[in-house]
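Just so we're aligned: 128 in the UniProt record's numbering is position 128 of the sequence shown, and the numbers increase by one with no gaps anywhere.
Here's the structure, in structure tokens; my notes come after.
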Amino acid sequence: MLKQILSKLPRKSPKSDSLDSAGSDSGSNTPNLGNGFQCTIGGSSLTSKLNVVKRVSSAVFPSSIAAGAEAVEPHLSFKEVSNPQKHNLFISKLNLCCEFIDSSDPVKQDLKRETLIELVDFVSSGSAKFSEPAISALCKMCAMNLFRVFPPKYRSNFTGGETDDEEPLFDPAWSHLQIVYDLLVRFISYSSLDIKVAKKHVDHSFIVKLLDLFDSEDPRERDCLKTILHRIYGKFMVHRPFIRKAVSNIIYRFVFETERHNGISELLEIFGSVISGFALPLKEEHKIFLWRALIPLHKPKSVGIYHQQLTYCVVQFIDKDPKLASTVIKGLLKYWPVTNSQKELMFLSELEEVLEMTSMDEFQKVMVPLFRRIRRCLNSSHYQVAERSHLLWNNEHILNLIAHNRQVILPLVFPAIERNTQNHWNQAVLNLTLNVKKMFSDMDEELVLACQCKLEEEDIRSSAAAEKRRLTWERLETAAGVQPVACNFLAPIKPAACPVVC
1 MLKQILSKLP RKSPKSDSLD SAGSDSGSNT PNLGNGFQCT IGGSSLTSKL NVVKRVSSAV
61 FPSSIAAGAE AVEPHLSFKE VSNPQKHNLF ISKLNLCCEF IDSSDPVKQD LKRETLIELV
121 DFVSSGSAKF SEPAISALCK MCAMNLFRVF PPKYRSNFTG GETDDEEPLF DPAWSHLQIV
181 YDLLVRFISY SSLDIKVAKK HVDHSFIVKL LDLFDSEDPR ERDCLKTILH RIYGKFMVHR
241 PFIRKAVSNI IYRFVFETER HNGISELLEI FGSVISGFAL PLKEEHKIFL WRALIPLHKP
301 KSVGIYHQQL TYCVVQFIDK DPKLASTVIK GLLKYWPVTN SQKELMFLSE LEEVLEMTSM
361 DEFQKVMVPL FRRIRRCLNS SHYQVAERSH LLWNNEHILN LIAHNRQVIL PLVFPAIERN
421 TQNHWNQAVL NLTLNVKKMF SDMDEELVLA CQCKLEEEDI RSSAAAEKRR LTWERLETAA
481 GVQPVACNFL APIKPAACPV VC
């Protein structure tokens, strides 16, 4: 019974049969060498390495290649493989470049550099096909080579970045990093790139780590990052809100915590272009970015490094929505410097650009606190600040705003003008003050005379009060001289008698 059941089961063919069948492939002169290399014997010639394919372990080429896929030997050139194999060779070279090469091994470094240059040339030629494995491999390679933690900054100053008299620091590995950045730029800019697939790998984590690199002390790296982030923002629309939020967080930390960051000017340069593309009416999110990020950026001491880009962003916002002008002016007055004359000059320059775009209604909302501040600038002992504040009257639009509101503005600034004509040490400032006074006289001579009479009355009252204080002090001094000087010494205290008999 058992024999009958066993006889019905299928028999397994022996290995020798399979080997014989494989080996009896009639008259074929193409032996398999057993090590992955395949050649054809025909006379004395061998086939080229066009069909050289070998399997590589998952330890060398991990997640980017699907299980069971074949990868071309990465040390081959793209010219040495057939077109169908170029895609696999591209992935193989990308994975090869993920390996970290120590600076003590110049041979391997040169080999990696040559491989990166090959990859850039291949992408530039337009022959690359960015499938999902290729995108994954490229993003991984960029992450392995670019994303790093910068060493602590030991600079003597605390300006938060480079200053005019400070030499920038250049990364010694830039010759290698530059090629990786070039490859990343070409990848992001690739015309046939599938954004739906690419966004899975150029994700939020990738973008955050890319933004962290803006703190690099090498200006060349920051310039490359500026180009890459701008193109990511333009191409990956789904990431735009996240990029705006991430940049806002960088600014918050810079303004309210560290006041140290090297890439604020580059980030603002990107956002200058972004703001100019905002649709109208402006979203509340964009206005919050102005109120909470851009205006507080006037606070740090290192504002001079990025002030030009900051002014451009602010002006772009006002150009989009003129009603924001009064908000910006209030922000400038809030963070107006008290003891830093160079910073005050920057604020005056920005104020002029803002006022050029300010409507009459918005100007009237802030003109009283604004000209109280300008009055102090007119009397500044720093001649450049005083000179720059007088030059506001040379702007035709600002002069028109002042002329229409002279009943409020002239009484505010007239005492400062008169004080300058009498006391200011700088001749250039004195001449500018006389010109401003003449402008007001041409506008409204009666108002100038009324302000002058009021100022004279105030001077008389001030002189009378000063004379009264002087007389009071004289009486106090006389009274103090008549009265005998009180003795402030206390009589010595006698020690208490000891009740205990010794």
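Where is the CB? At the ideal position from N, CA and C, for every residue including glycine.
Every value quoted in this text rests on a predicted model; they were computed, and no experiment measured them.
Distance CB(residue i)-CB(residue j) smaller than 8 Å
i	j	result
residue 186	residue 92	no
residue 122	residue 78	yes
residue 332	residue 347	yes
residue 384	residue 341	yes
residue 407	residue 447	yes
residue 197	residue 233	no
residue 291	residue 327	yes
residue 206	residue 244	no
residue 271	residue 247	yes
residue 214	residue 220	no
residue 111	residue 142	no
residue 115	residue 98	no
Proximity winner among the options, relative to residue i (alpha-carbon distances)
i	options	result
residue 228	256, 255 and 180	180
residue 399	382, 428, 358 and 383	358
residue 535	459, 386 and 408	In the structure as shown, the chain begins at 1 and stops at 502. Residue 535 is therefore absent and cannot be evaluated.
residue 424	182, 113, 291 and 380	380
residue 152	83, 121 and 258	258
residue 103	469, 200 and 174	174
residue 375	390, 383, 366 and 363	390
residue 95	75, 171, 106 and 81	75
residue 136	167, 120 and 201	201
residue 336	297, 134 and 308	297
residue 169	127, 89, 437 and 217	217
residue 120	188, 148 and 270	188
residue 322	287, 306 and 392	287
residue 394	415, 99 and 349	349
residue 212	183, 253 and 195	253
residue 365	420, 324, 190 and 131	324
residue 182	106, 171 and 224	224
residue 276	471, 320, 388 and 469	320
residue 190	203, 231 and 171	231
residue 388	457, 428 and 442	428
residue 83	127, 105 and 113	127
residue 131	195, 113 and 460	195
residue 373	463, 334 and 285	334
Whole-number beta carbon distance between residue j and residue i, since they are thought to touch under 8 Å
i	j	result
residue 329	residue 378	Actually they do not touch by this definition, with Cβ atoms about 18 Å apart.
residue 109	residue 117	Not quite, the Cβ-Cβ distance comes to about 13 Å (not below 8 Å), so this is no contact.
residue 314	residue 345	So it is not a contact: roughly 17 Å between Cβ atoms.
residue 360	residue 404	7 Å
residue 87	residue 140	Actually they do not touch by this definition, with Cβ atoms about 17 Å apart.
residue 193	residue 146	With 8 Å as the limit, residue 193 and residue 146 do not qualify as a contact, their Cβ atoms being about 19 Å apart.
residue 199	residue 236	6 Å
residue 401	residue 371	Contact doesn't hold; Cβ gap of about 11 Å is too wide.
residue 226	residue 269	6 Å
residue 455	residue 415	6 Å
- Given 8 Å as the limit, is there contact between the stretch 277-284 and the stretch 239-246, that is, 3 or more CB pairs closer than that? no
### Message
Within 8 Å, do at least three Cβ pairs link the stretch 253-269 to the stretch 288-307?
### Response
yes
I'd like to know if the stretch 342-356 and the stretch 404-418 are in contact, where contact means that at least 3 CB-CB pairs between them fall below 8 Å.
no
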